[in-house]
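Q: Following this message is one structure expressed as structure tokens.
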Amino acid sequence: MLKRILVLLLLLLGPVLALAQATQPAGKLTTETIIKRTLEGRLGGAKIDTVAKTPYLGLYEVRMGSEILYTDEKTNYIFSGNIIDTKTMQNLTEKRLRDLSSIKWENLPLDFAVKTVRGNGKRLLAVFADPNCPYCKRFEKDLAKVDDISVYTFLYPILSQDSHDKATAVWCSANKVKAWDEMMLNGTAPAAARCDTPIEKILELGRKYQINGTPTLVFANGERVPGAISAEQLEKLFAKNEKK
Numbered sequence: 155m156l157k158r159i160l161v162l163l164l165l166l167l168g169p170v171l172a173l174a175q176a177t178q179p180a181g182k183l184t185t186e187t188i189i190k191r192t193l194e195g196r197l198g199g200a201k202i203d204t205v206a207k208t209p210y211l212g213l214y215e216v217r218m219g220s221e222i223l224y225t226d227e228k229t230n231y232i233f234s235g236n237i238i239d240t241k242t243m244q245n246l247t248e249k250r251l252r253d254l255s256s257i258k259w260e261n262l263p264l265d266f267a268v269k270t271v272r273g274n275g276k277r278l279l280a281v282f283a284d285p286n287c288p289y290c291k292r293f294e295k296d297l298a299k300v301d302d303i304s305v306y307t308f309l310y311p312i313l314s315q316d317s318h319d320k321a322t323a324v325w326c327s328a329n330k331v332k333a334w335d336e337m338m339l340n341g342t343a344p345a346a347a348r349c350d351t352p353i354e355k356i357l358e359l360g361r362k363y364q365i366n367g368t369p370t371l372v373f374a375n376g377e378r379v380p381g382a383i384s385a386e387q388l389e390k391l392f393a394k395n396e397k398k
């Protein structure tokens with residue numbers, strides 16, 4: 155553990171990329187804006203989403219998509235790595251990434267989802283899933299073991315046109331839940347069908363939140379978890395979130 159921490163600290167404190175100091179006058183621009191413009195120019199027009207001052211080491215957080223880098227106020231250096239609070243041993247970079255990737259439950263258009271309720275339905279979970287995704291099918295088998303849950307499945311066909319056709323057939327079925335379960339648990343796809351669907355809006359939503367893989371899980375507290383997890387792992391996450 156100590157060796158790992160030392161390596162991470164070296165990554166943080168040792169410059170990965172040296173940059174020339176900004177020469178343009180600051181004017182009335184904020185430090186964050188100056189840093190953003192300077193780095194975008196020097197990194198070949200790379201898109202920087204946000205720049206924010208951190209409470210540690212005088213560093214500024216530079217967010218580019220799902221990646222976080224750090225720089226000093228004068229943009230002399232870029233640092234790549236994880237920042238760890240040695241008092242609590244908490245990985246502050248990982249925590250920040252989790253916070254940035256969270257999706258507010260109230261921002262999910264639940265009317266666009268296939269809703270499955272088991273038991274009292276008290277615990278809430280949203281799932282972005284592709285009909286042809288093998289990991290989604292594996293997750294569905296584990297999910298079927300979990301009780302007292304309301305699952306909102308967003309049909310998210312990103313793998314192929316066939317995925318899109320199957321998602322459409324599920325949505326247009328008389329019983330969406332049954333059609334989805336039969337396909338994911340038993341391998342029986344519903345008959346081809348056409349109707350008005352929210353699929354394009356769901357795809358747009360996924361792009362907005364940078365959901366690039368399936369399954370992607372979203373809990374009621376906004377926490378996002380990528381990938382197929384076991385029923386046991388799912389129960390642990392529910393238990394952890396209930397304590398908060």
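So in our numbering, the last one in the sequence shown is 398, and the numbering has no gaps at all.
The C-beta atom is built at its ideal place from N, Cα and C for all residues, glycine as well.
Put I303 into one of helix, strand or coil per three-state DSSP.
A: If DSSP states are grouped into helix, strand and coil, I303 belongs with the strands.
Q: What is the rounded straight-line gap between the Cα of V271 and the Cα of S304?
A: Going by the C-alpha atoms only, they are around 4 Å apart.
Q: Distance, Cα to Cα, I238 vs R378?
A: Whole-angstrom Cα-Cα distance: 22 Å.
Q: Looking only at its chain, what residues have a beta carbon closer than 6 Å to the beta carbon of W334, apart from the 5 residues adjacent to it on each side?
A: These residues qualify, in order along the chain: V268 and V324.
Q: Could you check what DSSP says for K190 in three-state terms: helix, strand or coil?
A: Reduced to three states, the DSSP call for K190 is helix.
Q: Compare the beta carbon distance of L371 and I383 with 9 Å and say whether it is the shorter of the two.
A: Yes.
Q: Looking at F293: is its Cβ nearer than 9 Å to the Cβ of A280?
A: Cβ distance not < 9 Å, so F293 and A280 don't count as in contact.
Q: Could you round the C-beta distance between L251 and I222 to whole angstroms and report it? I think they count as a contact, below 8 Å.
A: 6 Å between Cβ atoms; contact.
Q: Is the distance from the Cβ of I202 to the Cβ of L213 below 9 Å?
A: Contact flag unset, no.
Q: Got a sec? Which residues, its chain only, sit under 6 Å from K207 by beta carbon, not counting five neighbours each side?
A: Cβ neighbours of K207 beyond the five flanking positions: Y214.
Q: Helix, strand or coil for Y310? Go by DSSP, reduced to three states.
A: Residue state, collapsed to three classes: coil.
Q: From E186, G381, G195 and V205, pick the residue whose C-alpha is nearest to that of D296; which is it?
A: For D296, the nearest C-alpha among the options comes from G381.
Q: In angstroms, rounded to a whole number, what distance separates the CA positions of K390 and L309?
A: Cα-Cα distance, rounded: 25 Å.
Q: For K291, which of D253, V205 and T307 has the nearest alpha-carbon?
A: For the residues D253, V205 and T307, the minimum Cα distance to K291 belongs to T307.
Q: Below 8 Å CB to CB, which residues in the same chain sit around M337 once its five sequence neighbours on both sides are set aside?
A: For M337, where only same-chain residues beyond five positions count, the Cβ hits under 8 Å are P285, K320, V324, A343 and P344.
Q: Just tell me which of E186, G235 and F266 has its CA closest to the CA of E358.
A: Of the listed residues, the one whose Cα sits closest to E358 is F266.
Q: From which residue to which residue does the alpha helix (DSSP H) around R292 run?
A: R292 -> alpha helix (DSSP H) spans P288 to L297.
Q: Less than 9 Å between the beta carbons of R277 and D302, yes or no?
A: For R277 and D302, yes; Cβs fall inside 9 Å.
Q: The alpha helix (DSSP H) with E358 in it runs from where to where?
A: From DSSP, the alpha helix (DSSP H) with E358 extends over I353 to K362.
Q: Determine, using beta carbons only, whether E227 and T185 come nearer to each other than 9 Å.
A: Yes.
Q: Is the beta carbon of T322 sitting closer than 9 Å to the one on A347?
A: Contact flag set, yes.
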